[in-house]
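Numbering (numbering that gives the first Met the number 0), first residue to last: 0 to 353.
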Amino acid sequence: MICFVFSLLVKVIRKILVPFSLLYGLITTIRNFLYTNNVLKSTKFKTPTIVVGNLSVGGTGKTPQIEYLIRLLQNHYKIAVLSRGYKRKSKGFVLADEFATAETIGDEPFQFYKKFKNVIVCVDANRTNGIQQLEKLKTPPDIILLDDAFQHRKVQGGFNILLTSYNNLYVDDFMLPTGNLRETKFGANRAQAIIVTKCPETLSVEVQQTISKKLKPASNQPVFFTTITYDETLKGSAELALQDLINTEILLITGIANPVPLINYLRKKEVKFKQLNYPDHYHFKDKDINEIQQSFNAIQSKNKIVLTTEKDYVRIFDRLKNVYYISIKTTFITNKNSFDTIVNNYVGKSSGHR
């Protein structure tokens, strides 16, 4: 009964906010019009830039997509990843180094830095300044990946990849605050490729075609479909095979936008767990760590571990014992080679790589 009342209340509030959504949509449309028609300045840089972003708030899989691009390009090019560093406690341009933490550069950039040693990782809310600083480096990058910069029109991205979640396509959504869109669905016209993320592994070609028609891409906008693949080996305090945890009690810690896919995956694997859920990009305080420790101690089993996501791990690994993380990868359901070719062709034909 309580859930029904709450759901009804949310629907009523969303309807009340529709006029504000229409106003917000109008403002973003005017802004995009001014950039598209060069009334507002958009800078194009000599270094090839790939933008990964979305039209909505919430998790659409930007981090694993950035990691996919790193793996695709790192053997041939010097790569830099530039993010704004969401919820970091520093300001301005920060280049990740041995002193970097999740607090100084943000959890996702810190994850990139820890994972890919040959990649330059930096943060700057002003992407224009960030790129300028990267180009001034003694050894500047060959390619810059811009994380969550689809709405950052001050930079003219060379290749724009738009992500949309299978369970929440942008064409089915509405503008903030009624819905989750940061700009109208017409912003998708700026993308050179559209990727439908977090699809079921068995998504049929027929369903893919139906979704593609629903998105109504331009003739030069290929649509791709990806799924999330979980690593079968847990990392952290040591390495553990997921299949060996059937008789292990797990305290699952999540501070991500949508933990449901991970929860469903663990249930599918018949893993026993108790969950503590926190907001996305949450900065764990001492009282939170104490809560986690108390919950862990309360588990009546000798075989028990703390399990979290890779993004959460970088925020708590130095404050807890016996903690592990499960990493994820983006996997293309079909047309992987086609996507790889499009990206490689862009980088290879861009200035400085002819």
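Beta carbons are placed, not taken as given, at the ideal position from N, Cα and C, and that holds for glycine.
If you compare the alpha carbons of P108, F224 and K77 with that of N334, the shortest gap goes to F224.
When rounded, the separation of the alpha-carbon atoms in A79 and V120 is 6 Å. Between L162 and L180, the alpha-carbon positions lie close to 12 Å from each other. The three-state secondary structure of L265, taken from DSSP, is helix.
Annotated as proximal: R126 and L145, with beta-carbon spacing under 8 Å. The criterion of a C-beta distance shorter than 8 Å is not satisfied by K303 and T253. Assignment of beta-bridge partners to I249 by DSSP yields F272 and I304.
Secondary structure remark: continuous alpha helix (DSSP H) runs of at least 4 residues inside the stretch 177-216, in chain order: 204-214. Distance from the CA atom of R13 to the CA atom of Y169, rounded to whole angstroms, is 17 Å. Here DSSP, grouped into helix, strand and coil, assigns Y281 to coil. In this structure, I249 places its C-beta atom within 8 Å of the C-beta atom of V270. Counting the other CB atoms within 10 Å of its CB gives D96 a total below 16, which places it among the exposed residues. Annotation: A95 is outside any alpha helix (DSSP H) and is labelled neither H nor E by DSSP.
With a cutoff of 8 Å on beta-carbon distance, I227 and K267 are scored as not near each other. Using a Cβ-Cβ distance cut-off of 8 Å, the stretch 125-139 and the stretch 15-32 are not in contact, since fewer than three pairs of beta carbons, one from each stretch, lie closer than that value. From the listed residues H151, N166 and S20, the smallest Cα separation to Y34 is found for H151. Rounded to the nearest whole angstrom, the CA to CA distance from H75 to I245 is 41 Å.
Taking all protein chains in view, the Cβ of T48 is crowded by 16 or more other Cβ atoms within 10 Å, so the residue is classified as buried. Closest option to K90, judged by alpha-carbon separation, among V38, S218 and G105: G105. Taking the C-beta atoms as reference points, I160 is found nearer than 8 Å to I194. Within its own chain, the residues whose Cβ lies closer than 8 Å to the Cβ of Q73, once the five positions on either side in sequence are excluded, are F115, N117 and V118, listed in chain order. Residue state for G52 is assigned as strand, using DSSP reduced to three classes. The beta carbon of V313 is closer than 7 Å to those of A101, D106, F109, Q110 and K113 in its chain, skipping five residues each way along the sequence.
When DSSP states are grouped into helix, strand and coil, F295 belongs to the helix group. The straight-line gap separating the alpha-carbon atoms of D317 and T183 is approximately 41 Å. In the three-state reduction of the DSSP assignment, A101 falls in the helix class. Burial state of F295 is buried, judged by a 10 Å Cβ sphere holding 16 or more other Cβ atoms.
Judged by DSSP in its simplified three-state form, Y67 adopts helix. Take the alpha-carbon of R30 and the one of A256: they are about 28 Å apart. If one requires a minimum length of 4 residues, the alpha helix (DSSP H) runs lying completely within the stretch 102-147 are 106-114 and 126-134, in chain order.
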